[in-house]
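Asker:
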Amino acid sequence: MSDPARQRLVEALARVPQLRFAYLFGSRASGRQGSESDWDLAVYCAERDARLRWELRERIGCELDAAIPTRSQDLTFLEEAPSVLAYQVIRSGVLLFSRDEDSRIEFVVRTLAFYFDEQPLRRIHEAALLERMTKGKGAWSTGRSS
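Counting the sequence shown from 1 gives a position; our numbering is that position plus 99.
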């Protein structure tokens with residue numbers, strides 16, 4: 100990611116005071132982006148009210164459109180993200196900014212705990228899914244005949 104683009108992203112996100120921290124993740128964070136790659140952004144905010152969070156999503160979108168108008172953005176609120184996605188963000192994402200390091204560290208610790216606590220269940224589910232697929236039963240069969 101070029102420094103000017105990163106700086107514009109940081110400035111745009113910093114204009115939203117409810118944001119506590121933000122990450123860039125995906126192909127642009129890893130340097131594997133193509134000409135059509137979108138911007139995958141993950142943010143953590145202080146707003147808990149769903150309606151106000153929706154308004155916040157709109158405001159962030161407007162700020163991002165102004166900062167990087169020629170590309171699409173994919174915005175994820177980390178508070179709503181599944182543990183696997185949140186883990187990938189903190190594992191391989193690029194921290195754009197943090198105005199509340201205590202909240203960020205607490206989020207990272209909580210995410211790691213959830214991710215590793217759920218790992219045995221994910222392995223069981225993946226093994227069962229693989230077994231069904233190798234038997235040609237499909238992933239979502241109800242077990243009832245039609």
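Yeah, the Cβ is synthetic: ideal placement off N, Cα and C, and Gly gets one too. Quantities reported herein were computed from a predicted structural model and do not represent experimental measurements.
Return the chain-ordered ranges of every beta strand (DSSP E) run that is complete within the stretch 183-236 and spans a minimum of 3 residues.
Answerer: Counting only runs of 3 or more, we get 193-197.
Asker: Determine the closest residue to residue 109 out of 220, 226, 133, 195, with distance taken between C-alpha atoms.
Answerer: As a position in the sequence shown, residue 109 is number 10, starting the count at 1. Looking at the Cα atoms, 195 is the closest of the given residues.
Asker: Can you check which of these residues, 133, 160, 111, 121, is closest to residue 143 by C-alpha distance?
Answerer: Translated into positions along the sequence shown, residue 143 becomes position 44. It is 121 whose Cα lies nearest to the Cα of residue 143.
Asker: Label residue 127 either buried or exposed according to how many other C-beta atoms from any shown protein chain fall within 10 Å of its C-beta, with 16 as the threshold for buried.
Answerer: Within the sequence shown, residue 127 is the residue found at index 28, counting from 1. Burial call: buried.
Asker: What residue from 212, 211, 230, 192 has the CA that sits closest to residue 84's CA?
Answerer: Residue 84 falls outside the range modelled here, since the chain spans only 100 to 245, and no answer is possible.
Asker: Mark residue 216 as exposed unless 16 or more other C-beta atoms lie within 10 angstroms of its C-beta, in which case mark it buried.
Answerer: As a first step, residue 216 must be located in the sequence shown, where it is residue number 117. Residue 216 is exposed by the Cβ-count criterion.
Asker: For a test of the three-state rule: what should DSSP assign to residue 117, helix, strand or coil?
Answerer: Taking the sequence shown and counting its residues from 1, the one referred to as residue 117 is at position 18. Reduced to three states, the DSSP call for residue 117 is coil.
Asker: Residues in its own chain within less than 6 Å of residue 226 by CB, not counting five upstream and five downstream?
Answerer: As a first step, residue 226 must be located in the sequence shown, where it is residue number 127. Closer than 6 Å at Cβ, skipping near neighbours: no residue.
Asker: Where residue 222 and residue 201 are concerned, what is the direct C-alpha to C-alpha distance, given to the nearest angstrom?
Answerer: As a first step, residue 222 must be located in the sequence shown, where it is residue number 123. As a first step, residue 201 must be located in the sequence shown, where it is residue number 102. Approximately 32 Å, taken between the alpha carbons.
Asker: How close, in whole Å, do the beta carbons of residue 188 and residue 159 come, if the pair is a contact with beta carbons under 8 Å?
Answerer: For the purposes of this step, residue 188 is taken as the residue at position 89 of the sequence shown. For the purposes of this step, residue 159 is taken as the residue at position 60 of the sequence shown. So it is not a contact: roughly 16 Å between Cβ atoms.
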